[in-house]
Each structure stands twice: as structure tokens, then as C-alpha cells.
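Enquirer: Residue numbers (full-length UniProt numbering): 1 to 331.
1. State buried or exposed for residue 292, treating a residue as buried only when at least 16 other CB atoms are found within 10 Å of its CB.
2. When you compare the CB of residue 76 with every CB in chain D, is at least one pair closer than 8 Å?
3. Would you list the residues sitting across from residue 29 in a DSSP beta bridge?
4. Using only CA atoms, which one of 78, 54 and 260 lies nearest to residue 184?
5. Closer than 6 Å by C-beta to residue 22: which residues in its own chain qualify, once you throw out the five before and the five after it? Chain order, please.
6. What residues in its chain sit with their C-beta under 8 Å from that of residue 155, if we drop five residues either side in the sequence?
7. Is it buried or exposed for residue 182, if we count other Cβ within 10 angstroms and need 16 for buried?
8. How long is the line joining the alpha carbons of residue 150 and residue 143, rounded to whole angstroms?
9. Report the three-state DSSP secondary structure of residue 50 (helix, strand or coil).
10. Skipping 5 residues on each side, what residues in its chain have a beta carbon closer than 8 Å to that of residue 137?
11. Identify which residue in 120, 56 and 83 has its Cα closest to the Cα of residue 30.
12. Using the C-alpha atoms, what's the distance from residue 117 back to residue 284?
13. When you compare each of 178, 90 and 233 to residue 171 by their alpha carbons, which one comes out closest?
14. Which of helix, strand or coil does DSSP assign to residue 167?
15. Tell me the DSSP secondary structure of residue 222 in three-state form.
16. Taking the straight line between their C-alpha atoms, what separation do you get for residue 252 and residue 76?
17. At what residues does the alpha helix (DSSP H) containing residue 233 begin and finish?
18. Would you please state the rounded distance, in angstroms, between the beta carbons of residue 230 and residue 163? I believe it to be under 8 Å.
19. For the alpha helix (DSSP H) that contains residue 78, what are its first and last residues?
20. Starting from the Cα of residue 109, find the closest Cα among 271, 91 and 131 and give me that residue.
21. What residues are listed by DSSP as bridge partners for residue 132?
22. Just to confirm, is the Cβ distance from residue 153 to residue 123 under 8 Å?
23. Would you report the Cα separation of residue 68 and residue 178, rounded to the nearest angstrom?
24. Does the count of Cβ pairs from the region 88-98 and the region 30-48 closer than 8 Å reach three?
25. Return the CA-CA distance between residue 18 and residue 95, expressed in angstroms with no decimal places.
26. Could you check whether residue 235 and residue 174 sit closer than 8 Å to each other, using their CB atoms as the reference points?
27. Assign residue 294 to buried or exposed, taking buried as 16 or more other Cβ atoms, counted over all protein chains shown, within 10 Å of its Cβ.
28. Which two residues bound the contiguous alpha helix (DSSP H) that contains residue 124?
Dropping the structure here:
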């Protein structure tokens with residue numbers, strides 16, 4: 001099929017009831033809307049963790065009050081209530097959710113279950129106690145993110161992306177909106193990717209790209225994607241480079257409060273990546289004195305490659321992991 005319609009072929013039962021029962025092979029829990037209401041204290045405002053482009057995320061609990069027979073221990077979860085606007089029909093949505101439920105990796109936020117009742121569409125994820133990398137990196141508490149910790153977070157995120165790209169050689173899953181707000185941290189500051197359900201399935205066979213309406217975030221999206229809507233695994237590599245650059249400099253990809261030539265982080269900082277002395281002057285002061293010149297040079301070089309204008313000049317995520325592992329082991 002052409003571009004955006006080249007979706008993974010899934011056997012979708014004609015009857016939604018069959019599909020709901022069929023969820024057993026993905027280990028996903030199926031919740032009623034009433035259970036979701038109880039879990040979020042009636043979707044109380046003080047339970048809101050954040051709002052994304054796709055809906056509101058609430059902090060919730062799963063325990064015996066939500067569903068009799070649940071363990072007495074309380075499991076914290078993040079419950080994403082999706083906007084009803086523009087959602088696919090039940091069958092397509094359930095097929096996609098069941099597919100996502102099969103994607104298990106230690107660097108992907110775990111999908112625990114869902115609710116699909118009437119117009120309600122909710123996804124239930126494991127709770128990530130330390131919130132998003134965005135909140136940590138661009139706040140006063142960012143000194144907790146040491147140089148070593150930043151490299152580890154980058155490595156975690158790289159492993160998550162590489163897993164998605166490699167799920168199916170014929171058809172990589174392209175994340176397509178990789179940014180600091182989609183990288184979540186658990187209590188030990190291990191990083192996992194969230195919202196990968198919004199990834200588009202990648203190109204199949206001889207097609208090297210998928211054309212979609214642009215949904216990426218300005219400042220993170222690869223130039224060829226912005227210009228043409230062509231999306232490949234290497235578009236994600238570019239976005240990874242942007243995030244790594246943000247972790248080096250401690251500034252957001254787009255910052256309107258900066259002088260005009262510094263607003264776009266990539267345009268401003270990429271030319272300095274080949275000059276470690278100049279680069280050191282603009283690094284995040286919070287990591288001052290924590291790195292060797294050698295490892296800074298290697299990280300800067302990796303960022304430079306990931307941010308190549310030409311997608312072919314960018315490494316694949318597997319290569320990114322190898323480079324980062326080497327830097328972490330030597331540091």
C-alpha cells in the first residue's frame with residue numbers, strides 16, 4: 001500500500017467482543033470506565049500529571065477498591081484519557097493497542113491495560129515517579145542530572161528507540177516525536193520512552209520512507225521530514241541528536257527568550273560541536289568539571305553526526321548505542 005496506509009497487517013476480528021476476549025494473548029488488563037473513574041478519584045484535577053497533544057494524563061491507583069480481588073498493595077499508574085476527536089473506530093484502535101501491548105522492553109513505559117467503552121478511550125501505563133526528562137533538565141533541580149546520569153539516560157533512550165526500529169526488519173516502528181517530554185524517569189532515574197503508541201509503522205519493502213502529515217515538534221523534527229513529510233528511522237536519529245544536545249547545553253531546542261541567533265539550539269550550537277574549547281563555554285554549568293575532554297569530544301562528535309542534514313550521514317541507533325556504551329565504560 002502507499003505511504004501512510006502501509007500499516008502492519010493485523011488480523012482484526014469482525015466482532016469487537018471477540019477482540020476484547022482475545023486480549024488474553026497480550027496480557028493487557030481490560031478496565032471498565034467505572035474502574036477508571038475510581039482509580040483517578042473521579043478524574044480529579046489534582047490527579048492530573050500532564051496534558052499531551054493526545055489527551056490528559058492522570059495519576060491513578062489500582063487496588064482492591066478499584067477492582068475487588070486486586071492485591072492489597074496499591075499499584076500507582078498513569079492513566080491517559082485520549083481525546084475522542086479523530087480516533088479510529090473500535091476495531092482499529094483495539095488492534096493497535098493489542099499490538100502495542102506486545103512491545104515489551106525495559107526502556108519502554110509498560111502498557112498495563114486499557115478501557116474502550118462507548119466514546120471513552122483510556123490507556124493505563126506504569127507510573128514513572130520522577131516525571132519527564134524535560135521537567136528535570138529544564139528546572140532548578142537539574143544538578144541532580146550529573147554528566148554520568150545524562151549519558152545513562154541517553155543510553156536508555158537509545159536502547160528504547162533501537163528496539164522499536166528493530167522490532168521488524170521489514171517495517172521498523174518509527175517513533176517520530178522523540179523529545180525530552182516523552183522520555184520518562186523512574187525513581188532510580190532510569191529512562192523509558194512513553195507515547196510510542198503514536199509511532200507510525202515504518203516503510204515496508206522497497207519504500208524507504210513513510211509520508212504522513214507532519215506531527216513532529218518544531219526544533220526536534222529532522223529537516224527532510226519538515227520539508228517533505230518523508231519519515232525514516234534516521235528521522236528519529238536526528239531527534240535523538242537534538243535531545244543529546246539539550247542534555248549537553250541544558251537548554252531547550254527552541255527558546256524564544258534567547259537572543260534571536262540563539263533561539264534555535266541546533267542552528268546555534270551545532271557549528272561549535274567540532275571545537276571543544278568553544279563548546280565547553282556554552283555547556284550546562286551544572287555538569288561543570290564532571291567530564292573528561294576526551295569523553296566530551298566523543299559525545300559532541302556523536303551529536304554532530306546525528307544532526308547531519310543528510311539522513312545517510314546519521315548513524316543507526318544500534319551504532320549510537322555502541323558509541324555511548326564505549327563512552328560510559330571509559331568515563
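Even glycine gets a Cβ: it sits at the ideal position worked out from N, Cα and C.
Expert: In this structure, then:
1. Residue mapping note: residue 292 aligns to position 292 of the chain shown, counting from 1. Counting C-beta atoms within 10 angstroms of its own C-beta, residue 292 has fewer than 16 neighbours from the protein chains shown and is therefore classed as exposed.
2. Protein chain content of the structure displayed is limited to a single chain, and chain D is not contained in it.
3. Indexing the chain shown from 1 puts residue 29 at position 29. In the DSSP output, where bridge partners are listed per residue, residue 29 has 113.
4. Locating residue 184 in the chain shown gives position 184, where the first residue counts as 1. Nearest option by C-alpha distance: 78.
5. Within the chain shown, residue 22 is the residue found at index 22, counting from 1. With a pLDDT of 44 at residue 22, under the threshold of 50, the predicted position of this residue should be treated as unreliable, and no value is reported.
6. Here residue 155 refers to the residue found at position 155 of the chain shown. Excluding residues within five positions, the ones whose Cβ falls inside 8 Å are 321, 324, 325 and 328.
7. Position 182 of the chain shown, counting from 1, holds the residue named residue 182. Buried, since its Cβ has 16 or more Cβ neighbours within 10 Å.
8. Within the chain shown, the letter at position 150 stands for residue 150. Within the chain shown, the letter at position 143 stands for residue 143. Those two C-alpha atoms are separated by around 11 Å.
9. Working through the chain shown from its first residue, we reach residue 50 at position 50. Here residue 50 sits in strand by DSSP.
10. By one-based count along the chain shown, residue 137 stands at place 137. For residue 137, where only same-chain residues beyond five positions count, the Cβ hits under 8 Å are 145, 180, 246, 247 and 250.
11. Here the question's residue 30 lines up with position 30 in the chain shown. The shortest C-alpha separation from residue 30 is found at 120.
12. In the chain shown, the residue the question calls residue 284 occupies position 284. In the chain shown, the residue the question calls residue 117 occupies position 117. When rounded, the distance between both Cα atoms is 47 Å.
13. Numbered from its first residue, the chain shown carries residue 171 at position 171. Here the closest residue by C-alpha is 233.
14. As a first step, residue 167 must be located in the chain shown, where it is residue number 167. Coil.
15. Here the question's residue 222 lines up with position 222 in the chain shown. Annotated three-state conformation of residue 222 is coil, per DSSP.
16. Here residue 252 refers to the residue found at position 252 of the chain shown. Here residue 76 refers to the residue found at position 76 of the chain shown. In a straight line, the C-alpha of residue 252 is about 30 Å away from that of residue 76.
17. Sequence index remark: in the chain shown, residue 233 carries index 233 (1-based). Run containing residue 233: 233-249, per the alpha helix (DSSP H) assignment.
18. Here residue 230 refers to the residue found at position 230 of the chain shown. Here residue 163 refers to the residue found at position 163 of the chain shown. So it is not a contact: roughly 23 Å between Cβ atoms.
19. As a working mapping, residue 78 is identified with position 78 in the chain shown. Not the alpha helix (DSSP H): residue 78 falls in the beta strand (DSSP E), residues 75-82.
20. Along the chain shown, one-based indexing puts residue 109 at 109. With distances taken between Cα atoms, residue 109 lies closest to 131.
21. Within the chain shown, numbered from 1, the residue matching residue 132 stands at position 132. 184, per the DSSP bridge assignment.
22. In the chain shown, counting from the first residue as 1, residue 153 sits at position 153. In the chain shown, counting from the first residue as 1, residue 123 sits at position 123. In this structure, residue 123 does not lie closer than 8 Å to residue 153 by Cβ.
23. Position 68 of the chain shown, counted from the start, is the residue given in the question as residue 68. Position 178 of the chain shown, counted from the start, is the residue given in the question as residue 178. Rounded to the nearest angstrom, the two C-alpha atoms are 38 Å apart.
24. no
25. As a working mapping, residue 18 is identified with position 18 in the chain shown. As a working mapping, residue 95 is identified with position 95 in the chain shown. Confidence is the limiting factor: at residue 18 the pLDDT is only 44, short of 50, which leaves the residue's position unreliable, though a coordinate-based value still follows. Roughly 11 Å separates the two Cα atoms.
26. If you number the chain shown from 1, residue 174 lands on position 174. If you number the chain shown from 1, residue 235 lands on position 235. Yes; because the gap between Cβ atoms is below 8 Å, this pair is in contact.
27. On the chain shown, position 294 is the one that residue 294 refers to. With fewer than 16 other Cβ atoms within 10 Å, it is exposed.
28. Taking the first residue of the chain shown as 1, we reach residue 124 at position 124. Counting along the chain, residue 124 falls outside any alpha helix (DSSP H), though it belongs to the beta strand (DSSP E) covering 120-126.
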